[in-house]
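Here the sequence shown is numbered in the working numbering, starting from 6 and rising by one per residue.
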Amino acid sequence: MRISLIIFYALFLFCNKTVSQVSPYKEKHRPQFHFSPPAHWMNDPNGMVYYKGEYHLFYQYYPDSTIWGPMHWGHAISKDLVIWENLPIALYPDSLGYIFSGSVVVDENNTTGFQKGTEKPLVAIFTYHDMGGEKAGRNNFQTQGIAYSLDKGRSWKKYANNPVLSNPGIKDFRDPKVSWHAASKKWIMTMAAGNHIRFYQSANLKNWQLTSIFGNMEGSHGGVWECPDLFELPIKNTQKSKWVLLVSIGNGAPNGGSGTQYFIGDFDGKKFSNNNPKEKMLWVDYGCDNYAGVTWSNAPDKRTVFLGWMSNWQYAQIVPTKTWRSAMTIPRELSLQQTLNGIRMAISPVQELQKLRFDSIPIDLLKTTVYPANSNELTVTFYKKNMIGDDVYIELSNANNESIKVGYQKNENQFYIDRQKSGDTHFSKTFSAKHIAPRLINDNKITMQLWIDDSSIELFADDGLINMTDIFFPSQKLSFLKFNNFKKDAFSTKAKLYKLESIWK
Ligand code: FRU
6 MRISLIIFYA LFLFCNKTVS QVSPYKEKHR PQFHFSPPAH WMNDPNGMVY
56 YKGEYHLFYQ YYPDSTIWGP MHWGHAISKD LVIWENLPIA LYPDSLGYIF
106 SGSVVVDENN TTGFQKGTEK PLVAIFTYHD MGGEKAGRNN FQTQGIAYSL
156 DKGRSWKKYA NNPVLSNPGI KDFRDPKVSW HAASKKWIMT MAAGNHIRFY
206 QSANLKNWQL TSIFGNMEGS HGGVWECPDL FELPIKNTQK SKWVLLVSIG
256 NGAPNGGSGT QYFIGDFDGK KFSNNNPKEK MLWVDYGCDN YAGVTWSNAP
306 DKRTVFLGWM SNWQYAQIVP TKTWRSAMTI PRELSLQQTL NGIRMAISPV
356 QELQKLRFDS IPIDLLKTTV YPANSNELTV TFYKKNMIGD DVYIELSNAN
406 NESIKVGYQK NENQFYIDRQ KSGDTHFSKT FSAKHIAPRL INDNKITMQL
456 WIDDSSIELF ADDGLINMTD IFFPSQKLSF LKFNNFKKDA FSTKAKLYKL
506 ESIWK
């Protein structure tokens, strides 16, 4: 009797296996080669820093729910920007507030005096968001605090005299990105302040002086400015470089909702000047799902590596994933390129990702290719003169007639991603749409590189001059691949497809 009861109970448990019992990283829609948190809510990448062979990724994290809430800093590390190891939460909210976005630097010369042993201090500079102050209707509820780690980021201590930068009476006063400015031997803080950027400098990360403000009349102002970054980038094939200022905006991106613009100019340690006309808008990504991205501090080999949050505030909290919400983009390497219309950013997947390739799948351009699962890298090269009609596109679909189309239109000289029929789009009015990216050049030869995961697609066209990142939620994996309107001979169109290994074991 007892044995049959046990068997019955075991069967009952087995049949009632709930979603939360599906092993993490195997759930429906779970990205297979992108970073996503083991469970619960994630937004912006924070504190990205490289130290002693490890890339640290902190992130806005709410460990108690799959929607936004009291912000912590989640934490993961990687040796190669590809395989991630989840670590315990690094920063918890305290009496000064939630821990909003910010950055981490290696205090090489112990300017803070925090160093005790041989390990260099890692110093986190972040925004405190005081909910009480916000609810009371004050406008000074965001301040900047610091914390430090003397054990390679494994444990963190908040500085006793926080905040290190109090609020001058600006409601949105946040997201400090700190870097070392070698020429002036000072720390520079680039911070978002509502409709502009503020630059501060410091000798010790504790006392900050305002040096200049930028931008209230420049670029796009469709939404509040957030999550800036400032760095110098070489211009490809020259000995020259320029400074790039990234600014995410909460609304008003080219295809709607939140997105990231950039400015190119000069920076003298105190002041940024824009080299383009004030009204010129430059965009990091024309898809709808690349927000709050910034670059790794202290990255080796003088590389500038960027990572964004792969969602959009328009619908991030209601996307149909059950146990977690949101993933990051793949890491991307930034450079500058001279084009006929001026200097522009070129953005490409980091080459480390190529180690995930484990099978090259032959493509017959005349037929639909069926591939076993969804993690794929696809490169297509073709010529405008070989297009059949105005519109060529690659279509990923499934047996339920759900699809994503990624294409190029000759007359408009534009790339697009169309996710109107991509599966579940009902959760938001704005999700179902075709997103457009005007091409920056007009060459006859066109290259499109696609990174396809279970619920996202990233397009790098024209060697990275155009980026588009979009998420989607099909009822089954999109495992049919079809080429439409490409001239189908091996001379006019070349395509290469790799299957990618999962980074989650
Ligand atoms: C951007 C942002 C930041 C803020 C954080 C709060 O997505 O709004 O400005 O620090 O998210 O989670």
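By construction, the Cβ of each residue, glycine as well, lies at the ideal position given by its N, Cα and C atoms.
Exercise. Is the closest heavy atom of the ligand FRU to the C-beta of residue 76 under 6 Å?
Worked result: yes
Exercise. Where does residue 271 fall in DSSP's three states?
Worked result: strand
Exercise. Can you pull the DSSP bridge partners for residue 132?
Worked result: 149
Exercise. Any chance the stretch 207-224 sits against the stretch 115-124, with 3 or more Cβ pairs inside 8 Å?
Worked result: yes
Exercise. How about residue 294 and residue 316: do their beta carbons lie closer than 7 Å?
Worked result: yes
Problem set entry | CA nearest to the CA of residue 438, picked from 42, 486, 448, 421 | 421
Exercise. Where does residue 339 sit, in a helix, a strand or coil, going by DSSP?
Worked result: strand
Exercise. Does the beta-carbon of residue 349 have 16 or more other beta-carbons within 10 angstroms, so that it is buried, or is it exposed?
Worked result: buried
For this session: In angstroms with no decimal places, state the Cα-to-Cα distance between residue 155 and residue 112.
Result: 10 Å
Problem set entry | Short Cβ contact (7 Å threshold) for residue 269 with residue 252 | no
Problem set entry | Within the stretch 285-354, ranges of the beta strand (DSSP E) (whole runs, at least 3 residues) | 296-300, 310-314, 337-344, 347-354
Exercise. Based on the DSSP output, what are the partners of residue 410 in its beta bridges?
Worked result: 400, 423
For this session: Counting only the same chain and skipping the five closest in sequence on each side, list residues whose C-beta sits under 6 Å from that of residue 20.
Result: Only weak support exists for where residue 20 lies, its pLDDT of 40 falling under 50; the coordinates are left without a value.
For this session: Using a threshold of 7 Å, state whether the C-beta atoms of residue 442 and residue 291 are closer than that.
Result: yes
For this session: Indicate, with yes or no, if the ligand FRU has a heavy atom lying under 6 Å from the CB of residue 65.
Result: yes
Exercise. For the stretch 491-502 against the stretch 468-476, are there 3 or more C-beta pairs whose distance is under 8 Å?
Worked result: no
Exercise. What's the gap between the Cα of residue 196 and the Cα of residue 146?
Worked result: 15 Å
For this session: Go ahead and label residue 194 buried or exposed: buried means 16 or more other beta carbons lie within 10 angstroms of its beta carbon, across all protein chains shown.
Result: buried
For this session: Using 10 angstroms around the beta-carbon of residue 373, count the other beta-carbons present and answer buried if the total reaches 16, otherwise exposed.
Result: exposed
Exercise. What are the start and end residues of each continuous beta strand (DSSP E) run of 3 or more residues lying completely inside the stretch 172-248, in chain order?
Worked result: 179-186, 191-198, 201-207, 214-219, 230-239
Exercise. What is the DSSP secondary structure of residue 65, reduced to helix, strand or coil?
Worked result: strand
Exercise. What number of angstroms, rounded off, separates the C-alpha of residue 39 from the C-alpha of residue 102?
Worked result: 30 Å
Exercise. Is residue 24 helix, strand or coil by DSSP?
Worked result: Only weak support is given to the placement of residue 24: the predicted model assigns it a pLDDT of 42, under 50, and the question is left unresolved by the model.
For this session: With a threshold of 16 other CB atoms inside 10 Å of the CB of residue 309, please say whether the residue is buried or exposed.
Result: buried
Problem set entry | beta strand (DSSP E) runs contained entirely in the stretch 436-481, provided each spans 3 or more residues | 439-443, 450-458, 461-466, 471-476
Exercise. In this structure, what does DSSP give as the bridge partners for residue 382?
Worked result: 456, 503
Exercise. Do you know offhand how far residue 450's Cα is from residue 392's?
Worked result: 11 Å
Exercise. Given a threshold of 16 other Cβ atoms within 10 Å of its Cβ, counted over all protein chains shown, does residue 214 qualify as buried or as exposed?
Worked result: exposed
For this session: Tell me where the beta strand (DSSP E) around residue 77 begins and ends.
Result: 77-83
Problem set entry | Residues bridged to residue 362 [DSSP beta-bridge criterion] | 505
Problem set entry | Pairwise C-alpha distance: residue 51 and residue 65 | 7 Å
Exercise. Is any heavy atom in the ligand FRU found nearer than 6 Å to the beta carbon of residue 297?
Worked result: yes
Exercise. Any contact of the stretch 25-36 with the stretch 325-338, i.e. 3+ C-beta pairs under 8 Å?
Worked result: yes
Exercise. Can you give the Cα-Cα distance for residue 365 and residue 205, rounded to whole angstroms?
Worked result: 50 Å
Exercise. Who are the Cβ neighbours of residue 267 in its own chain at under 8 Å, not counting the five residues just before and after it?
Worked result: 249, 250, 251, 252, 287, 288, 289, 350
Exercise. Can you tell which of 507, 184, 200 has the C-alpha that lies nearest to the C-alpha of residue 272?
Worked result: 184
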